[in-house]
Amino acid sequence: MQLIVAAWGCGWCFVLAGCGGSPWEQGQSAEVAALEAARKESRLFVADEASIGVWRDERPSGLLIRHGMLIVDSPRMDTAPKGGRSVVVVTSIGPELYDKVAAVVSDRIPVTAGKTNHFALGRAIAITIERVDPDGTRTTLDEGRVAFLELVRR
449 MQLIVAAWGC GWCFVLAGCG GSPWEQGQSA EVAALEAARK ESRLFVADEA SIGVWRDERP
509 SGLLIRHGML IVDSPRMDTA PKGGRSVVVV TSIGPELYDK VAAVVSDRIP VTAGKTNHFA
569 LGRAIAITIE RVDPDGTRTT LDEGRVAFLE LVRR
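Using this note's numbering, the first residue of the sequence shown is number 449, and each one after it goes up by one.
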């Protein structure tokens with residue numbers, strides 16, 4: 449009985465006294481604040497083609513785990529010349545995807561041209577894929593969360 453009275457009392461104290469115990473008065477959580485800060489620092493790169501696929505992780509026990517996977521063909525950094533043709537722009541919130549693509553493009557991670565390579569990103573990262581036409585028009589192709597990267601360098 450005492451627990452119920454304490455819970456009822458605490459539930460109403462923020463209405464009556466504004467004690468700060470209410471989740472509505474707490475402000476942003478640390479997770480939401482970190483996500484907002486990361487959105488301001490979004491990173492992007494360009495590619496000939498990009499899409500979201502599925503990485504299938506089949507375990508010996510028969511368990512099947514699926515993760516989002518970004519499939520990229522011929523990535524370049526955003527400062528590369530676009531040559532007057534339409535390109536795909538991939539924007540990510542986290543640095544993991546951008547850093548991995550930058551390492552491949554700058555040859556810090558050696559990749560054979562034309563060979564498909566797979567990389568784990570370490571966590572799920574929110575991305576946006578947009579097509580930019582030669583006249584500058586942006587069209588969103590796909591949005592999602594990916595934990596793996598499939599990359600072909602031409």
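The beta-carbon is built from N, C-alpha and C at its ideal position, and this holds for glycine as well.
Does DSSP classify L511 as helix, strand or coil?
coil
Determine which residues share a DSSP beta bridge with S554 and list them.
S554 pairs with nothing; no bridge assigned.
Between I500 and G562, is the Cβ-Cβ spacing less than 8 Å?
no
Is the segment 581-601 in contact with the segment 553-568, if contact means three or more CB pairs nearer than 8 Å?
yes
For R586, count neighbouring Cβ atoms within 10 angstroms of its own Cβ and tell me buried if that reaches 16, exposed if not.
exposed
Output the residue ranges of the beta strand (DSSP E) runs that lie fully inside the segment 561-591 and measure 3 residues or longer, sorted by chain position.
With a minimum length of 3 residues, the continuous beta strand (DSSP E) runs that stay inside the segment 561-591 are 564-580.
With L589 and T539 assumed to form a contact (beta carbons below 8 Å), what rounded beta-carbon distance in angstroms separates them?
A Cβ-Cβ distance of about 12 Å is found for the pair L589 and T539, leaving them out of contact under the 8 Å criterion.
Check V549 in the structure and name its three-state DSSP category.
helix
Given a threshold of 16 other Cβ atoms within 10 Å of its Cβ, counted over all protein chains shown, does I513 qualify as buried or as exposed?
exposed
Neighbourhood of I519 by C-beta distance below 6 Å, restricted to the same chain and skipping five residues each side
S499, G501 and E598
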